[in-house]
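Below: one structure, written as structure tokens.
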């Protein structure tokens, strides 16, 4: 079993925002031929016991559960905890996908453990699971005005709260779209081979 959770905020007003690239990633993955051999986009449906939209499929003898928590970003851990408990899943089969202000737009990075870096969604998951030893894919959304050079936790800077809820502009849209497509290709190959260590960091 593989559980892939993309973080974001529910609601049409948040579609296309920087904070929702986790949602965008699992949407892209739902169309990926490696886990969707039928060639039709998997359909997400609301699962109230998980407080999440989920889509399930089987590929190469493996069950995949794609998840978009509907709890809002800062309490994403409640949804993740419910899913892990229900399926009695191993933490090593969990992948969390989130935006990252420490990384520039057009770069992604995989980490198998680590702190939240100030990201409230990751912070919530660490709190609910009682561990920080789970895999996460961090998709860069930063620009020159907000980054990791001036603060260890750029999410705590006042301007970050506005920035992450802004939509990508016309210049940024093709960059983030390419990054998400490439990330999906790399992650599905490495995750299915239980070899996320080979996907350390990459650029669009």
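In my numbering, the protein residues as written are 72 to 275.
For every residue, glycine included, the Cβ atom is placed at its ideal position computed from N, Cα and C.
Query raised in the report: Whose C-beta lies closer than 6 Å to the C-beta of residue 251 among residues of the same chain, with five residues either side of it excluded?
Result: Shown here for residue 251: same chain residues with a beta carbon closer than 6 Å to its own, the five before and five after excluded, namely 95, 96, 99 in chain order.
**Report entry** the segment 83 to 90 contacting the segment 115 to 122, beta-carbon criterion three pairs below 8 Å
**Finding:** Below 8 Å, too few C-beta pairs join the segment 83 to 90 and the segment 115 to 122 to call them touching: fewer than three.
Report task. Could you please give me the residues that DSSP links to residue 176 through a beta bridge? Result -> Paired residue(s): none; residue 176 is not in a bridge.
Report task. Return the chain-ordered list of same chain residues with a C-beta closer than 6 Å to the C-beta of residue 240, the five sequence neighbours on each side being excluded. Result -> Answer for residue 240: no residue qualifies.
**Report entry** Straight-line gap, residue 159 to residue 231 (C-alpha atoms, nearest Å)
**Finding:** A direct Cα-Cα distance of roughly 36 Å separates residue 159 from residue 231.
Query raised in the report: Under three-state DSSP, which class holds residue 129?
Result: Note: residue 129 maps to strand in three-state DSSP.
Query raised in the report: Since residue 273 is in the beta strand (DSSP E), which residue starts that stretch and which ends it?
Result: Taken as a continuous stretch (DSSP letters only), the beta strand (DSSP E) holding residue 273 covers 272 to 274.
Query - First and last residue of the uninterrupted beta strand (DSSP E) at residue 116 - result: Under the DSSP assignment, residue 116 falls in the beta strand (DSSP E) whose first and last residues are 116 to 118.
Query - Supposed close pair residue 262, residue 120 - CB separation, criterion 8 Å - result: Going by Cβ atoms, the distance from residue 262 to residue 120 rounds to 25 Å, so no, they are not a contact pair.
**Report entry** Residue from 76, 150, 84 with nearest C-alpha to residue 237
**Finding:** Residue 84 is the option with its Cα nearest to residue 237.
Query raised in the report: Is DSSP giving residue 220 helix, strand or coil here?
Result: The predicted model places residue 220 with a pLDDT of 48, which falls under 50 and marks its position as unreliable; any figure quoted below should be read in that light. Coil, per DSSP.
Query raised in the report: What are the start and end residues of each continuous beta strand (DSSP E) run of 3 or more residues lying completely inside the segment 76 to 101, in chain order?
Result: Complete beta strand (DSSP E) runs here, min 3: none at all.
Report task. Determine which residues share a DSSP beta bridge with residue 238 and list them. Result -> According to DSSP, residue 238 bridges with 88.
Query raised in the report: How many whole angstroms separate the CB atoms of residue 128 and residue 106, which I take to be in contact at a CB cut-off of 8 Å?
Result: Between residue 106 and residue 128 the Cβ distance is about 6 Å, and since that is below 8 Å, they are a contact.
Query raised in the report: Looking only at C-alpha atoms, which of 177, 224, 75, 188 sits nearest to residue 253?
Result: Comparing Cα-Cα distances from residue 253 to each of 177, 224, 75, 188, the minimum goes to 177.
Query raised in the report: Between the beta-carbon of residue 126 and the beta-carbon of residue 165, is there less than 8 Å?
Result: Cβ atoms of residue 126 and residue 165: not closer than 8 Å.
Query raised in the report: Between residue 179 and residue 133, what straight-line distance do the alpha-carbon atoms span, to the nearest angstrom?
Result: Each residue's alpha carbon lies about 25 Å from the other.
Query raised in the report: When you compare only the Cα positions, how much space is there between residue 273 and residue 249?
Result: Each residue's CA atom was taken as its position, placing residue 273 and residue 249 some 12 Å apart.
Report task. Using the DSSP secondary-structure output, state which residues sit across from residue 171 in a beta bridge. Result -> Residue pairing for residue 171: DSSP places it in a beta bridge opposite 211.
Query raised in the report: To the nearest whole angstrom, what separates the beta carbons of residue 195 and residue 148, a pair I think is in contact under 8 Å?
Result: Their Cβ separation, rounded to whole angstroms, is 4 Å, which keeps residue 195 and residue 148 in contact under 8 Å.
**Report entry** Three-way DSSP call (helix, strand, coil) for residue 261 in this model
**Finding:** The answer is helix: DSSP assigns residue 261 an H, G or I state.
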